[in-house]
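Under the numbering used here, read the sequence shown as residues 44 to 134, first letter to last.
Backbone N, C-alpha and C define an ideal beta-carbon position, used for all residues, glycine too.
Encoded as structure tokens, the structure appears first; notes follow it.
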Amino acid sequence: MTTSPDGSVVNEIGCRATVLRLWDYLDHALADSQRLEVDQHLRDCSACAEHFGFARAFLDALPASWPRPIDTEPLRRRVVERLREVGFSLP
Ligand SMILES: [Zn+2]
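Right, here's the structure in full:
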């Protein structure tokens, strides 16, 4: 056990336990005590800190890689128009 900056006692956890909490940590889904344990481990372990840093950067980059919304209405109109030309009755 160790003491956090606010004076509370924090259990020391290993790399495996830390990495198992990775996504919940990044999703802010951990209980305070578990988050403090991860924070403590990340201060002491550069390998896990690097791993978490990469995961955080990956999550931050995702929105920029998603396709932007496109206006599908012109395409819909052309498809409907063409279907009518070939005899389909559409509302
Ligand atoms: Zn570690």
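Annotation: His-71 is outside any alpha helix (DSSP H) and is labelled neither H nor E by DSSP. Distance from the CA of Ile-56 to the CA of Pro-106, rounded to the nearest whole angstrom, comes to 32 Å.
Straight across, the Cα-Cα distance linking Glu-80 with Pro-112 is about 40 Å. When C-alpha distances from Ser-108 are compared across His-71, Ala-100 and Ser-132, the shortest belongs to Ala-100. By the Cβ neighbour-count rule, Arg-64 is buried, with 16 or more other Cβ atoms within 10 Å of its own. With a 10 Å radius around the Cβ and a threshold of 16 neighbouring Cβ atoms, Phe-97 comes out exposed.
Proximity of the beta carbon of Thr-61 to ligand 1 is indicated: a heavy atom of the ligand is located closer than 8 Å.
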